[in-house]
Each structure stands twice: as C-alpha cells, then as structure tokens.
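Count the sequence shown with my numbering and you get residues 20 to 230, in order.
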Amino acid sequence: VNLTMVQDRVYGSRRDFDVSPVRKPMIYLGYFFSTVLNSLMVNMVALAACFVYVWKMGWFLRAGDVAFLIVDIILLVLFGTVLSSVVCYPLKTQGQMSAVGTVVSAGYGFVCGAYMPISNFGEGLQKALSYLPGTYGTALLKNHMLRGAFEEMEAQGFPSQVVKAISDSLDCNPVFRDHTVEPEIMLLIMLGSVVGLGSIYLIITAMPEKR
C-alpha cells in the first residue's frame, strides 16, 4: 500500500485527496494504517499455516510462545511499514518506486537474517548488521519459535553446549559489541525503532510538499 502512495502521485490521484477537507498528515496516516492492516492479514495467515505445519511435525510451543510470536509479528509489521513509509515518501516516479521496492523488500530481508543466518556471514559484516534493528526482530521470532525445541533437545540428552551452538548458529543469541542481546532488550530495540521512525514519518508528512 505504501507503493500506492507513490502511484497516486504518478497518476494524479493525489489531486483528488488534496482538494478534500482532510489534512495532509491524515492522508499519509491512511496509507500507513492500510499497509499495516494488509500486512497483518497476510502475516497472520502465514503464521497460522506455520502453526499447522509445526503441529503436524512436532509441537513444542507453549501458550506464552504463541502469544509472543503474535507480538513479534505485530512489531515487525509496524517496523517494516514505518520504514517503508519513510523510504517511499520522497519518491515521485514509477522507476524510483520499482527500484526502491525491490531493494527494500529483498535487500533488507537478506541483511537482517530473514533468509539466511547472519552467523554465516563474515565477522565484519556481522558486526555491521548488529546495528540494524531488523536483526533483533528476526532474532525475537527465532527465539520464541525455537525455545521449546531447544528445551526438548536438552531433555532428550543433547549436551547444553551443542544446543547453545545450534542456537547461536541460528542467530537466537545476537551479539552487539561482544555482549549477547537478551530478548527483553531486543523487544525494546524494536519498540524504540518503531517510535523513532514513526516520529520521523509524522514530521516529514507534516512539512509542506514541493509542487
């Protein structure tokens, strides 16, 4: 939906909004919340499908894990939406929209560890990626999804060192400046990022637009 914001400018649909009595910041909040709702619907359906698959393969999740996973999804949707809103706001052409949409959707998912563990990257790149908030959102998902499985492995007799090594290899224990980041801190990082980027979005959408 954020790309629709750019399309409305390109095709002139924004002129219809501009002559309405609705204030400009409210128009952009409409784009924002539409994106949030659409993304939540898609992601919640995907999460439900994931739960069905996990239930058939081996269920090790507690009720608390399920609740935290839902919270994680909501946080990541809010973060992704507000990030894309800030990035898409200055775009004016179809070409810019296509280029930025491809880079943001594919590139950021790759560097935050959504497609492959960051532990597979070089040490320098790992340190650089530890400064990206999305890294900790991905780690939150992995922590809450795999916690029960790791506990079951230990109960089955796997050495704790082996379980920890597997956990580390899957980015469940991200490191920032040689300190392991706990899930509570990851949650605060994500919340702070959403609030910070949201504030930036509110400020830039309240500024007069150049015609």
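No residue lacks a Cβ here, since even glycine has one placed at the ideal position from N, Cα and C. Model, not experiment: these values are computed from the prediction.
Any idea which residues DSSP pairs F195 with across the strands?
H198
Which residue comes first and which comes last in the alpha helix (DSSP H) that contains G31?
G31 -> no alpha helix (DSSP H), and no H or E assigned at all.
Tell me whether E228 sits in a helix, a strand or coil according to DSSP, three-state version.
coil
Under 7 Å between the Cβ atoms of L95 and G156?
yes
For D91, the three-state DSSP class (helix, strand or coil):
helix
Skipping 5 residues on each side, what residues in its chain have a beta carbon closer than 6 Å to that of A174?
none
What is the DSSP secondary structure of D190, reduced to helix, strand or coil?
coil
Select from S188, M164, V194, P227 the residue whose C-alpha is nearest the C-alpha of Y72.
M164
Cutoff 6 Å; reference A168; Cβ partners in own chain excluding five residues on either side
F79
At 4 residues or longer, and completely inside the segment 104 to 186: list those alpha helix (DSSP H) runs for me, N to C.
113 to 121, 142 to 148, 152 to 174
Contact under 7 Å by Cβ, P152 with I204
no
Alpha-carbon to alpha-carbon, K75 and F52:
35 Å
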